[in-house]
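In order, the protein sequence lines correspond to chains G and R. Counting from 1, one number per residue, gives the positions in the first sequence under the numbering used here. Counting from 1001, one number per residue, gives the positions in the second sequence under the numbering used here.
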Amino acid sequence: MTQAIVVEGLRKKFGTREVLHGVDFAVERGTVFGVIGPNGAGKTTTMRCLLDIIRPSAGTISVLGQNPQRAGTALRRRIGYLPGEVQLENRTTGRRMLEHFAAISGPVEPRHVNELAERLNLDLDRQTRKLSKGNKQKLGLLQAFMHRPELLVLDEPTSGLDPLVQQVFHSMVREAVDHGATVFLSSHVLSEVQQAADAVAILRDGEIITVSTVEKLRTAAVRQLRFNSTGTAANDVGALLARVPGVANVAVRELPADGHATGTVEATATLSGKVQPLVQALARLDLTDLVLEEPDLEEAVLTLYTGSTPDQPANGSQRRAAHSEGAHRA
Amino acid sequence: MPRILPLFIKALTDSWRSTLAWALGLTAAIMLYLPLYPSIGGNSQMQDLINALPPEMTKALNYDQIATGPGYTQATLFGLVGFLLMSMASVGWGAAAVGGDEESGLLELTLAHSVTRVQVVVERALAIIVRVAFLSVLVFVLVLLLNGPAELGIDVGHLVGAVLLFAALALLSGTAALCAGALTGRKVYAVAAGAAVAVLGYVFNAVGRQSPDVEWLLNLSPYHWAYGNSPVANGADWGAAAGLYGISAALIALGAVALQRRDVGV
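In structure tokens, the structure reads:
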């Protein structure tokens, strides 16, 4: 048994509305599998089917080699689940809540609970109703991880977490995988998952559009390129760029003299594929500034989906703005 | 360290505050009503006053029997204030057990752990039974304590039967709420079902007693099944008690089957 989850032809209807139209995917044991899609794509419904919280209308599901609907309680003991919206009881503390979940899903080492709480910087003795959204999310993560399950099913695990805690979460995922666990997680944005996931499925409107590795997506990804150079005419810069494989959408202009060295040329373009040919070409220029952004994997996904490069100006500007924080400056 | 009946124990420990509050309410009601019997029920002036009331009203309130200690206890405590408080407590617990828990999003996480749905319904129903039993025993003890001082003259055997029916009636509206919650996943339907059993039972009894034309309504009233023969005065109708507990058991079973078969949290 090398696959932790196998889903075939999964369909789910609520009344007359079908929200999953035949979803197929498999998750290898000991890997992290991310499912990405906009809100309402069917991520939560898929996950609930794995836990037997809701039942498929058609299709087969195998979780750790068993049918979740027939396997009963022993199977769920081997799974850690984080719901998409963590709801907690009001009149209790985190510790008492975890003790209850340990009682129905244990065994749990108390030492492990304290250790995780410390790493997540979570006070278990506070009243749950006084916890912030992020702290509730931490408590939800803790109950999913605390019994060291073989399979973790995490719905939007990083939602509400600040970046530092997200790093803690990613290290918890890595450790779980190092100990042989399988992780199935979801997000509505790829950038949250790309760090953790080995493979990524894109779910849209109840269908899996593509399953790919982050590495493949990265190769197919489109990067934004921008640089300034001096001493070369705008036309020549344009011609140079045009010869580099993978470069497109080239725009070159000469900058006005104020504030820049005379003859400064600014060029923007997109790059898909390998970086090395571009670097070789740029080495011939006298660069004063260079920005090559993190590949935008969401655009990469769209590229795979539509089979063509998405229109650059339309809709791209917002995403690019969001990504420019992580841009590499050379 | 798997514990025995973890959901049952949690349901009980989570609700100790509300159980205590209902216990205080019942105690206050008993302490206010029963000691007044010598000056109300046994008082001839009071009887004249009641005779002056419209007979429809005295029948609806069961005040036609308050001239005796057992009749007074039956009409005021078991038939009215106690019935009201117990029904409210039981419906509240029944509605929270599945419907309320699901609607607040908590049930999803519980079911993702190593429990079965039947277990959830049965253990939580058991917790309702224990709480209803606790309050009923409290009522029994308090009435017994006041029996002498308040000159009620209640036969202890009859009191046992009456308290068993009192508990059965409260449990019926609680399990109706539990069952409706398990069927629909909505707290409001659960409360509506539980309240309907209690309120319609009371109303059908009050109306059915008015004239032979509407007497058939009595057959639809669990309240009348339990109290039709004034158990505090005359002893329990054991068939009715068995029937009421049987229906509650069936409602719990139906709730368990319903929850087992449907999607949760949608």
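We put the CB at the ideal spot given by N, CA and C, even for glycine. Computed from a predicted model, the values in this text were never measured in an experiment.
ask   = Which residues bound the beta strand (DSSP E) around GLN223 (chain G)?
value = First, the amino acid is wrong: residue 223 (chain G) is Arg here, not Gln. Looking at the DSSP string, the run of the beta strand (DSSP E) that includes ARG223 (chain G) is 222-230.
Among the residues of its own chain, which have a CB less than 8 Å from the CB of VAL1098 (chain R), if the five just before and after it don't count?
LEU1107, VAL1120, VAL1121, ARG1124, LEU1178, GLY1181, ALA1182, GLY1185, ALA1190, GLY1255, LEU1259
_SER1018 (chain R) - DSSP class collapsed to helix/strand/coil_ = helix
If you draw a straight line from the C-alpha of ALA1240 (chain R) to the C-alpha of SER1018 (chain R), how long is it? Straight through space, the alpha carbons of SER1018 (chain R) and ALA1240 (chain R) are spaced by roughly 29 Å.
**Neighbourhood of ALA58 (chain G) by C-beta distance below 7 Å, restricted to the same chain and skipping five residues each side** = GLY9, ARG11
Margin query: Just to confirm, is the Cβ distance from LEU185 (chain G) to LEU154 (chain G) under 8 Å?
Written below: yes
Review point. Should SER105 (chain G) be flagged as near chain R, meaning a C-beta pair shorter than 8 Å?
Key: yes
Quiz item: PRO83 (chain G) CB to nearest chain R CB: under 8 Å?
Solution: yes
Please name the residue or residues paired with GLN3 (chain G) in a DSSP beta bridge.
Beta-bridge analysis with DSSP links GLN3 (chain G) to G:GLU28.
Beta-carbon gap between GLN87 (chain G) and GLY1105 (chain R) smaller than 8 Å: In this structure, GLY1105 (chain R) lies closer than 8 Å to GLN87 (chain G) by Cβ.
Chain R partners of ARG76 (chain G), CB-CB under 7 Å? The answer, in chain order, is ALA1112, HIS1113, SER1114.
Report the rounded CA-to-CA distance for VAL1266 (chain R) versus THR44 (chain G), giving the unit in angstroms. 11 Å
* First and last residue of the alpha helix (DSSP H) that includes ALA248 (chain G)? -> No alpha helix (DSSP H) holds ALA248 (chain G); the beta strand (DSSP E) holding it covers 247-254.
- request: Find the nearest neighbour of GLN340 (chain G) within the set G:ALA26, G:ALA267, G:PHE169, judged by alpha-carbon distance.
  value: The structure shown does not extend to residue 340 (chain G), since chain G is modelled only from 1 through 330, so no value can be given for it.
Problem - Any chain R beta carbon closer than 8 Å to GLU18 (chain G) - result: It does not: the Cβ of GLU18 (chain G) has no partner Cβ on chain R nearer than 8 Å.
Among G:PRO295, G:GLU254, G:VAL237, nearest to THR264 (chain G) - alpha-carbon criterion = G:GLU254
Subject >> CB contact flag (GLN1047 (chain R), SER1230 (chain R), <8 Å) >> reply: no
**Prompt:** How would you list, in chain order, the residues of chain G whose beta-carbon sits under 7 Å from the beta-carbon of LYS1010 (chain R)?
**Reply:** HIS100
Beta-carbon of GLY1181 (chain R) versus every beta-carbon of chain G: anything under 8 Å? no
Per-residue burial, ASN39 (chain G) [other beta carbons within 10 Å of its own, 16 or more giving buried]: exposed
* Asked: Between the C-alpha atoms of GLY1100 (chain R) and ASP1237 (chain R), what's the straight-line distance to the nearest angstrom?
  -> 34 Å
Inset, instruction - Leaving out five residues on either side along the sequence, give the residues of the same chain with a beta carbon under 6 Å from the beta carbon of LYS1010 (chain R). - result: none
task: Specify the secondary structure class of GLN276 (chain G) as computed by DSSP and reduced to three states.
output: helix
| query | Listed in chain order, which residues of the segment 1095-1108 of chain R have Cβ atoms closer than 8 Å to some Cβ of chain B? | reply | Reference to chain B is not applicable here, since the protein chains of this structure are G and R.
Q.
Does SER308 (chain G) come out as helix, strand or coil in the three-state DSSP assignment?
A. Unreliable positioning characterises SER308 (chain G) in this predicted model, as indicated by a pLDDT of 42, which lies under 50. The coordinate reading is nonetheless provided below. Looking at SER308 (chain G) - three-state DSSP - the assignment turns out to be coil, as it is neither helix nor strand.
Does the beta-carbon of ILE1004 (chain R) have 16 or more other beta-carbons within 10 angstroms, so that it is buried, or is it exposed?
exposed
Within the chosen definition, does the segment 1050-1070 of chain R reach the segment 1218-1226 of chain R through at least 3 CB pairs nearer than 8 Å?
no
If the cut is a Cβ gap below 7 Å, which residues of chain G does VAL1266 (chain R) touch?
Per Cβ cutoff of 7 Å: PHE14, ILE54.
Point to revise | Cα-Cα separation between SER159 (chain G) and HIS112 (chain G), rounded to whole angstroms | key: 23 Å
Subject >> Bounding residues of the alpha helix (DSSP H) (the contiguous stretch that carries TYR1189 (chain R)) >> reply: 1187-1208
### Message
So, with DSSP's three-state summary, where would you put VAL86 (chain G)?
### Response
coil
Of the listed residues R:HIS1224, R:ALA1196, R:GLY1243, nearest to GLY1079 (chain R) (C-alpha basis) = R:HIS1224
Discussion item. For GLY15 (chain G), count the other beta carbons within 10 Å of its own beta carbon; 16 or more makes it buried, fewer makes it exposed. Which is it?
Written reply: Exposure of GLY15 (chain G) is indicated by the presence of fewer than 16 other C-beta atoms within 10 angstroms of its C-beta.
* DSSP three-state assignment for GLY15 (chain G), whether helix, strand or coil -> Residue state for GLY15 (chain G) is assigned as coil, using DSSP reduced to three classes.
Could you give the DSSP three-state label for SER1211 (chain R): helix, strand or coil?
-> coil
Classify SER171 (chain G): buried if its beta carbon has 16 or more other beta carbons within 10 angstroms, exposed otherwise.
By the 16-neighbour rule on beta-carbons within 10 angstroms, SER171 (chain G) is exposed.
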